[in-house]
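Read top to bottom, the protein sequences are chains A and B. Add 53 to the 1-based position in the first sequence for our numbering, that's all there is to it. Add 126 to the 1-based position in the second sequence for our numbering, that's all there is to it. Cβ atoms here follow ideal geometry from the backbone N, Cα and C, with glycine treated the same way.
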Amino acid sequence: MIGYICKYTPVEIIEAFGEEPVRLDSGYKSHERAEALIHSNMCSFAKGVLENIIENNIEEVILTACCDSIKRLYDVLKDKVKFIHLLDLPRKKDPLAIDLFYNEIIEFMEAYQAFKNKNFAEENLLKILESKSFNKEKQSAESIAILGARLKDDVIEKIINSCTANVINFTCTAEERVFNIEAKDNLLKSYAESLLNLTPCMRMAEDRSKLINKELKGIIYNTIKFCDFYSYEYAELKSKADLPLLKIETDYNDSNSGQILTRIDAFLESTGIKKMEKQRAKKGYFVGVDSGSTSTNVVIIDENKNIISYSIIPTGPKALESAFKAFEIALNNAGLQEKDITSIVATGYGRVSIPFADRIVTEITCHGKGAFFIDNTVRTVIDIGGQDSKVIRLDDSGNVIDFVMNDKCSAGTGRFLEVMARTLGISIEEMAKVHKEVKENITITSMCTVFAESEVISLIAQNKDQRDIIHALNKAVASKAVSLVDRIGRKGKYMMTGGVAKNQGVVYAIESRLGEKLIIPFEPQIIGALGAALISLEGK
Amino acid sequence: MDTVKIYTNIIKDNMDRPEKVNKLINFGLTSAYYYVSFFKDKRIPRSLHYLNKYSIKSIKDSLANPQNSAWVNLFAPSEFLIAMDIKPLFIEAYSSFMSGFFIEDYLIDTAESRGMSNTLCSYHKTFIGASELNILKKPKFMMTTSMICDANIPTFKYLSKKHGVPLYIIDIPYKYSKDAVVYVKKQLLEVAEKLEEVFNRKLDTDKLREVVKTENKTRALMREYLNYAGEKRSLPTMTFEMYMLFASHVFIGSKEILHFYEMLVEDIKRAPEKNGKSIFFIHLLPIFEKNFKDYFNFSDKFHIAGSDLNYDFLDEIDENDPFKGIAEKLILNSFNGEINRKVARIKELIEKIKPDGIIQFCHLGCKQSMGGTFIIKNLASELGIPFLYLDGDCVDKRNNQEGQNRTRLEAFLEML
């Protein structure tokens, strides 16, 4: 077998040699061995591939000079595997570029032939290409596109399975190897040309705007941490904003994580692509369970949407146990029994682990629903929880029309404030006080929790006033939240939900930056659970 | 509060008024130009003083004359622009100046709020941020090469689309071959045609040849300079090593740069003998990082021996066929192609300059550079020279962990 990563690799040549081309994946949680060989700030995909090659003792590799990370991966691997070849891939596809790529393919064939001591038969290649020379099926009108950087097969599969629309994969991992080789007399050159004619990736000089079809129902846009290419196209698409667009950022290894799948689900729900099971509304009581990373919250409502009771408890080591407990407390508070409950909707990170729920819905949809129910003038919900923060845009009917979420790190979340309170040696309640009048207007420059912590330590070492440091930290959280708001555009009124909404200092800092008052619900932590209860009642 | 801080705050307060910010930046550059013209620091040799003025003026001129300017990257073949009297503005230099004005954080945050990745190179993000805020007036043309930095093509494509300004991308193959030279030469002929069309003037091939001749003379002086760089002490600050990029890249081929190198060679001949320890830098120098400034600028103890980026091409360009010659220069750049090419150049420079230590500052986002760190570390170990790599950012000061960098840098300097 010979490992490869890029779709422009001449895999059919490898097949014609009678060898097996295997697309190398990068599914490792740890990059321990890779980071001993290459800098840790390299693209996580490249590091993952390196880890894979070492872990599985892969002996033959073919790479293309597609990006700086892969070029360096080649340099690092050069003396570590038995066979390695780097193909220079032109970024244009004029006749001279085709000649160059053709020469590169010939050079690879000669090198591999010499290494394997095997002869290459052109008729084998012709047979393989003929077997792949059928026309693409016409795509149905209702389609959703996946654009951006490569995405793992299981995530693609999950998207395909969770929506009714046709999913078109334009990333590097798409299987689009369809060839139409007409000039059989110069087979290799025609082959080189057809490879260069594949859907262009962002490293190519070609314009990709033709990929965006107005008939698309939406676009899921993937970017990879430390990959330079794709955020530009996302920024461009976003500014046009005539199509529903979801940006996700993965580090490839955990692209199937709960947070990514939550976003995809919520996006599909908001665009109407994901069909949620309809249930007939019944009289009785309806429950929403929000199993969050920090707290588990339950709300019970009656058929008239009155809140009968609610509970908030910290999420313990087991999400399911906390959910049971919170449910039990809410039932007791309401004086109800489980049999009185008509249906239960679960939301939050732990939603998939709650067996007594009838349905699961993402916290984005639920927060939108809950916030709009509390105040139907709300158009933007800022939810800052323990591990993540999100901003949700609602239309005039309360439907979610856009949202953004923080990336994997905990900058600007409740966790950030907890770490800083611990560093300052004070309680989280003390952190929540408003310090409007400051002696010194300090700015915490690092958004990263770890780096911000070292900054706070040096401020302590400089004997700065604790209130000024707290003020600076609240400003840092506010700044992160407002930059999320700015990513989807400002539109009032604003409601703030989640545990951090209880922090007056942060609320005040966000209000100062937005220049507008925030609506804070009576209990900001239960809005997601309330939304889930409302969905449970409405049965849609 | 110092003057720069007041100036920075005025700019930041006016970010929603691009015309005013543009004027403020022009005012800042003009003030800097007159400041360095009238208040000559006696510690700075004549040649570097000249380069200082030249670099500030070149940025100022291209910003003031957008209709006669082109946005380029550091590696773009600006010989064509020089031959046609078009002012190049290289994006990396602009961003560096904005960091000097302490407004890079605002510009970077703007770029990120538009969707740019937070790990993208801050030279590019700063420029994109300024462009998003319309602080930069759009030029007549843009030109970039694909080589060395992944961000070049997408940044220029993005800017070209945003401003509706024509762009030419020169694709530089990774490997050298006759066909590769033909491929690039054809593109250079096309870019020349495009320039003629956009600026409505003819490219005089004799003038281009003259630029190439001047460039060859300049490189001969660069090689001569290197003969002294091991024994003499002539670079008082890290900023000057970075200013040299104006001379070794974008403006090479101009009479002024030839004049600069003539002065530089004279200066180094007269410079004092090296004392203390000398450090050779890989890739970029963190000119805004406090620890580095404290230790290296105007220091008797630590001397900046140079950096490989200023010597990424040292050969002659074919004067008879400048299109072919420039194509070869681009493909054969030591930063292009397998890392062995870069390693060989570093080895050659180190053997000439004989530094006491090597520092690679891994600028966040620059994969081509940081990806080779451990390979260069092995080279340093083979050569028996201490090597240090530090992570940080040459533009976005927020990405530099001052405390951590200080410990590592001091420990390294103690080691020497």
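- Proximity of chain A to residue 300(B) at the Cβ level (cut-off 8 angstroms) is accounted for by 118, 124, 139, 141, in chain order.
- By the rule that beta-carbons nearer than 8 angstroms mark a contact, residue 500(B) touches chain A.
- Taking C-beta atoms under 8 angstroms as the contact rule, residue 362(B) and residue 401(B) fail to qualify, at a distance of about 13 angstroms.
- For the segment 99-134 of chain A, the full-length alpha helix (DSSP H) segments reaching 4 residues or more read 121-130 along the chain.
- Counting only Cβ-Cβ distances below 9 angstroms, residue 256(A) has contacts in chain B at 272, 276, 279, 280, in chain order.
- Taking 8 angstroms as the CB threshold, residue 351(B) stays off the interface with chain A.
- Judged by DSSP in its simplified three-state form, residue 210(B) adopts coil rather than helix or strand.
- Judged by DSSP in its simplified three-state form, residue 201(A) adopts strand.
- In the DSSP assignment, residue 446(A) falls within the unbroken beta strand (DSSP E) covering 442-447.
- Given a length threshold of 4 residues, each whole run of the alpha helix (DSSP H) inside the segment 367-408 of chain A is given here in chain order: 372-387.
- Here the alpha carbon of residue 202(A) sits roughly 38 angstroms from the alpha carbon of residue 409(A).
- Classified as exposed, residue 349(B) has fewer than 16 neighbouring CB atoms from the shown chains inside 10 Å of its CB.
- Under DSSP, residue 429(B) shares a beta bridge with 404(B).
- Take the alpha-carbon of residue 196(B) and the one of residue 204(B): they are about 9 angstroms apart.
- Taking one beta carbon from each stretch, the segment 290-301 of chain B and the segment 459-467 of chain B have 3 or more pairs nearer than 8 angstroms; the two touch.
- At a cut-off of 8 angstroms between beta-carbon atoms, residue 455(A) makes no contact with chain B.
- Take residue 534(B), set aside five residues on each side of it, and the residues of its chain with a beta-carbon closer than 8 angstroms to its own are 514, 516, in chain order.
- In terms of beta-carbon proximity, residue 464(B) lines the interface with chain A, with at least one pair separated by less than 8 angstroms.
- Per DSSP, reduced to three states, the secondary structure at residue 270(B) is strand.
- Listed in chain order, the non-local C-beta contacts of residue 425(B) below 8 angstroms within the same chain comprise 402, local neighbours out to five positions each way being set aside.
- By the CB criterion at 8 angstroms, residue 279(B) and residue 261(A) fall outside the cutoff.
- Within the segment 515-548 of chain A, the residues whose Cβ lies closer than 8 angstroms to any Cβ of chain B are, in chain order, 536, 539, 540.
- Put simply, the CB of residue 121(A) is near chain B, with a gap under 8 angstroms to one of its CB atoms.
- Among the residues of chain A, none has a CB under 7 angstroms from the CB of residue 317(B); the nearest is roughly 13 angstroms distant.
- With contacts defined as CB atoms closer than 8 angstroms, residue 491(A) and residue 521(A) qualify as a contacting pair.
- When the beta-carbon positions are compared, residue 215(B) and residue 366(B) stay at least 8 angstroms from each other.
- Contact between residue 267(B) and residue 291(B) holds, with the beta-carbon distance rounding to 7 angstroms and staying under 8 angstroms.
- In this structure, residue 546(A) sits near residue 431(A), with a CB-CB distance shorter than 8 angstroms.
- In the DSSP assignment, residue 389(B) falls within the alpha helix (DSSP H) that extends over 381-396.
- For residue 458(A), the enclosing beta strand (DSSP E) covers residues 453-458.
- Closest by C-alpha distance to residue 443(A), out of 517(A), 171(A), 220(A), 459(A), is 459(A).
- DSSP places residue 247(A) in the helix class (H, G or I) of the three-state scheme.
- The residue among 441(A), 222(A), 178(A), 474(A) with its C-alpha nearest the C-alpha of residue 509(A) is 474(A).
- Chain B places a beta carbon closer than 8 angstroms to that of residue 91(A), counting this residue as a contact.
- Between the segment 482-498 of chain B and the segment 328-335 of chain B there are fewer than three C-beta pairs closer than 8 angstroms, too few to call the two in contact.
- Residue 435(B) is positioned such that its CB atom lies no closer than 8 angstroms to that of residue 271(B).
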